[in-house]
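Chains as they are written, first to last, in our numbering: chain A, 1 to 331; chain B, 332 to 662; chain C, 663 to 994; chain D, 995 to 1326.
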Ligand SMILES: Cc1ncc(C[n+]2csc(CCOP(=O)(O)OP(=O)(O)O)c2C)c(N)n1
Ligand SMILES: Cc1ncc(C[n+]2csc(CCOP(=O)(O)OP(=O)(O)O)c2C)c(N)n1
Ligand SMILES: [Mg+2]
Ligand SMILES: [Mg+2]
């Protein structure tokens, strides 16, 4: 992080500030989605925006995820810079045609003539006691789709800088916010800044093991790193920040250095993000690895409601710690 | 394959025979989708079924993929065994909510009380000059979702046996057919048979390298194996047949034996099936592998229309051959 | 006394019994929700819940017209539908608290209660998400010749979801026995429905070939009468229907939605509560018609309250599932 | 001669010019498709194509009412829309053959022709897939105050897709300048629309607050008149409209759909071709009104045919893109 004057903001405040700044900067930026105006979304992330920018730029929609996402595509092609709000990541299921068959492909199919500078903001993450249809982390699907960019901030600082970059990007960007993180605080510079896509961030330097973690799992990994330190294991924690573009180099170089790697992501462990990143590392650092790359993701079950069940479906600090310890032969 | 009387059937005929047999066996089995009745689908896979089973059991629907997939879920819960037809795999985008938030989760969310014995048949595969919205292979998405089973036959024999198993399964099953394979012929027993899920099939035994290939890529891998034989490399070609459940054991044992492995799949190479399978092998056979597991999937671009462009987006025999040769240090 | 009079007397008794059952069910729903709110304020409930208070006449009026084997699908605001279809409160509370004794072994929670024994195909937390399921159940009924009817409950917010029109069209084409019951409580979360709903709601049924009508959702007798007619028609093979019920939720969108003035006035809430309360008005009618009296009805209320308290107690003391159960029930 | 007469004479000349332009455009579409079919039969075209023959009056009548800067979205059966909006045939043919000179550098093919220069947001191979895009373009127009109108072309098959109703509702709520043009050619692939469409088509607009009307899609003057009125209204801020055009495709669903008897009779095809051909009938009218004569019109036809042949030649000899281009244009 650059050495500048900072304040503590929550994750939600950082998002809001990014939106407000971009809306002031560029009158084409507008927001639409369900209960985004006066309600400011159920998570209150957008509170205050409609008061500043008016209902012409912060627009409540009906419960029509496919419809208004499609409108986002058309609006983006024709001069607006829409930020589409999909309340829960689980509802991406309803927007897949618009996102994947339309937004992601327009530029390519038109031979590069039309562009879709649209941002779709949505959430991920479990442990909110919301059960199987309000707890999924479906970013792997979008990362699989050429034409989309996929952003997964893990701190208020990253959230703000990455969202500003997303809004300025000429392509459709899917921006995932961990809903359990909205109240988490962190330093954010007073001055304007942006963060480039495809640049992983080393959240903690270390020599003994590389832990790649995304979004909600970054704090978990950092917590595990603290526990590891106590048993003399110096973990490096890396946050790719964008799953696409993916900063393969930073991940591979770290794994080469430490010779051991884990990947922790809140999406399902199977056919998801951990498989891709583990493969990239296993291939790129093959001759340096002392042990197989360890993957940890959500348990391969729909997320259950009951707290004692839900809690075992998502990787925890303790589990990451133990897996890392085993990987380092200290278990 | 068991030693019994066989005939040569096309892939399409094998599918049709499986459906006809199951519909005769169980009057609850019914089919619905667009142009499935008299037209027998644009691929003519279902020709003749409406004549035998009538319009009560082979039902033409409007162009409402989400709607009739949802109806499949409800019908399956309440006593029918629907086989839902989604013409092109690209249209899965429209059914994701019904498949993922409903079909896949009903059994779990209801604590095991309701079941969804539904089959969704659809297609995958490029090189048909159909451009970006009619050429995708999106099976990775479904493989990522707990509660679904995902089947990817590569021969008429497998297609028939696996489809019969799918129809008898008590869970939602997504069944992917490579549309370029419908006219391919192969031996199919006269006698009834089924093929269990989660049992990989060794399509070719070999000692020097393991090539895991799915669906459309199995023939490509077998072709590459023939080329490899000519340069003295004895390739083992394994077809997992179902990506979920996945027969990890067979894949890992083969890789342990050969010490080299490749994964070839027509889905996008990024965040897809190859990442998962490569990770499973890299982890399971870590101490036996002489080289990193090589992955080959579709190029990370929307599928282009123009033949010389489209042809380079999908792995070919020659490319698989060359990659395998390099992996074996013979390149 | 002629046989005819005897018959009509018996009918009247039966009818009274039915009114009293409907009364009890409405009170059950209200008391149930009362307890839910308390569980929330006492921080005993994981997550949130969407209360059905104020809308009791809809669920009860509709379900009274159904057979136990008939199907329903429900919503995020689903407790009322479950109770009206005959679910038992103790297992419902257990589910809300994530206990193993719950209807879904704790896996579903408030928004996913399902119960094959009462034909409840499940509540759904995707707005409009159960339209396909209900229509598919009607398809089964028709193909298997079982005579069952399926009722799809949804809030007027679901009118925004295209899938609803896709399946209405199909239900009309295939003449399926399904009733789409729209609970128009005026709000979708924090937005008045007039801001999200253009055109004419009833026409959204008829445009797709589905017979449509509206009813005062606060009048349980009117809802029941309409439901009976439509359910009978569907059972006879006349095809689907769309019933729009004008109603109101007294509480917030969910238990945590306390400050509501930015989207609706206290006065509006007050008016519905005082003038259009479904239980109050039904009580007055029962007494007016001499079908019951204040003390009997009060007695029922106390009984139900005690029953609910006991059910909550049961749920609170019931054990959680064990962690290993997380991996069960993924596949049948 | 008074000034008024002079004015009206000038107007008449202008009007005649316009009719002739519409005639030429219709002929262009027909001749274009003729060539497409030939390319297919000569095995020169990769993949398939969906011919617009028989429906020319719809695209031409609508697009005549549009400004070059107005937007359209198109379908899998999109050649007619592109030509009517002003695309040049040589680059269209090049696209159909996958050549670099094509509108999409060969990446889109028949089903994805797009062209910013003529406001063509692109054809779409997902049935109903462009409804959101067109409506979003109308949102841009309204917010940016550009006065542009967006036209969303789709076949009646798209009436099965829920997303259409989602965006119609939004367009009505936000009073967006978008015209939904339904080309009802009676068939969705191989199924008559009556088997897939319940209720009333026009009501599917009005139910969502969208003004709806229907027109004879074989009569280019009627289509143009309706389009002019609706486009004007939209441009003035009166909100969206839904126009259903009764039309017919002469050929198969795609070039390979040759044996069609199992879903429609030769007699039906013959009747449309002889009695309701849009070009034939418009030709007769032009001659009858003395706005043109047979030889002039025949001359245009020959001219257009030669133009199309030259365009095909251009496309056939144009180079393919190089393999490396496959990786270009994924991101802007
Ligand atoms: C597809 C989808 N979009 C958004 C939501 C979030 N959400 C939950 S309830 C609700 C409002 C529903 O309003 P309505 O259908 O009128 O039901 P009510 O709450 O009034 O009973 C919304 C937007 C959701 N659950 N599902
Ligand atoms: C979502 C979707 N479902 C199915 C198809 C396959 N398909 C292509 S064209 C077509 C029929 C379309 O009929 P209609 O909209 O009436 O247009 P027409 O072909 O008659 O011009 C179908 C089903 C598709 N392209 N997209
Ligand atoms: Mg409501
Ligand atoms: Mg049509």
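Just so you know, even glycine gets a beta-carbon here, dropped at the ideal spot from N, CA and C.
DSSP places residue 752 (chain C) within a helical segment (H, G or I) once states are collapsed to three. If one requires a minimum length of 4 residues, the alpha helix (DSSP H) runs lying completely within the stretch 401–441 of chain B are 435–440, in chain order. Residue nearest to residue 1017 (chain D) within the set D:1278, D:1125 and D:1037 is D:1278 (criterion: CA-CA distance).
When Cβ-Cβ separations below 8 angstroms define contact, residue 1306 (chain D) makes no contact with chain C.
Neighbourhood of residue 60 (chain A) in chain C, by CB distance below 8 angstroms: 853, 857 and 858, in chain order. Counting every other CB atom within 10 Å of its CB across the protein chains shown gives residue 1260 (chain D) a total below 16, marking it as exposed. Across the structure, residue 833 (chain C) and residue 748 (chain C) are spaced so that their CA atoms are roughly 26 angstroms apart. Residue 1058 (chain D) counts as buried, since no fewer than 16 other beta carbons sit within 10 angstroms of its beta carbon.
Of the residues assessed, residue 527 (chain B) falls on the exposed side of the cut-off, its CB having fewer than 16 other CB atoms within 10 angstroms.
Proximity of the beta carbon of residue 1182 (chain D) to ligand 4 is indicated: a heavy atom of the ligand is located closer than 7 angstroms. One thing to note: residue 660 (chain B) has its Cβ no nearer than 8 angstroms to the Cβ of residue 653 (chain B). Apart from the 5 residues on each side of it in sequence, residue 515 (chain B) sits with its Cβ closer than 6 angstroms to the Cβ of 342 in its chain, given in chain order.
Interface annotation, residue 617 (chain B): in contact with chain A, CB-CB separation under 8 angstroms.
In this chain, the alpha helix (DSSP H) harbouring residue 670 (chain C) covers 665–703. By the neighbour-count criterion, in which 16 or more other beta carbons inside 10 Å mark a residue as buried, residue 467 (chain B) falls on the buried side. Not a single C-beta of chain A is nearer than 8 angstroms to the C-beta of residue 873 (chain C). Nearest C-alpha to residue 428 (chain B) among B:403, B:412 and B:353: B:403.
A direct Cα-to-Cα measurement between residue 1194 (chain D) and residue 477 (chain B) gives close to 41 angstroms. Taking one beta carbon from each stretch, the stretch 632–652 of chain B and the stretch 605–615 of chain B have fewer than 3 pairs nearer than 8 angstroms; the two do not touch.
Taking non-hydrogen atoms of ligand 2 into account, the C-beta of residue 418 (chain B) is found less than 7 angstroms away from one of them. Excluding the 5 residues flanking it on each side, residue 819 (chain C) has same chain C-beta neighbours closer than 7 angstroms at 789 and 850, in chain order.
Rounded to the nearest whole angstrom, the C-alpha separation of residue 192 (chain A) and residue 180 (chain A) is 26 angstroms. C:693 is the residue among C:682, C:693 and C:783 whose C-alpha sits nearest the C-alpha of residue 751 (chain C). For residue 219 (chain A), no Cβ of chain B is located within less than 8 angstroms of the residue's own Cβ. Not one beta carbon of chain B lies nearer than 8 angstroms to the beta carbon of residue 260 (chain A). It is roughly 7 angstroms from the alpha-carbon of residue 163 (chain A) to the alpha-carbon of residue 15 (chain A).
Here the C-alpha atom of residue 756 (chain C) lies approximately 49 angstroms from the C-alpha atom of residue 665 (chain C). In the three-state reduction of the DSSP assignment, residue 29 (chain A) falls in the strand class.
Boundaries of the alpha helix (DSSP H) around residue 1077 (chain D): 1073–1079.
For residue 1150 (chain D), the shortest separation between its Cβ and any heavy atom of ligand 4 lies below 7 angstroms. Assignment of beta-bridge partners to residue 264 (chain A) by DSSP yields A:213 and A:296. In this structure, DSSP gives residue 51 (chain A) a helical state, which the three-state scheme calls helix. The Cβ-Cβ distance between residue 902 (chain C) and residue 872 (chain C) falls below 8 angstroms. The Cβ of residue 868 (chain C) sits closer than 8 angstroms to at least one Cβ of chain D. In this structure, C:860 is the residue among C:805, C:860 and C:980 with its C-alpha nearest to the C-alpha of residue 1163 (chain D). In the assembly as shown, residue 61 (chain A) is a buried residue. Its beta-carbon has 16 or more other beta-carbons within 10 Å.
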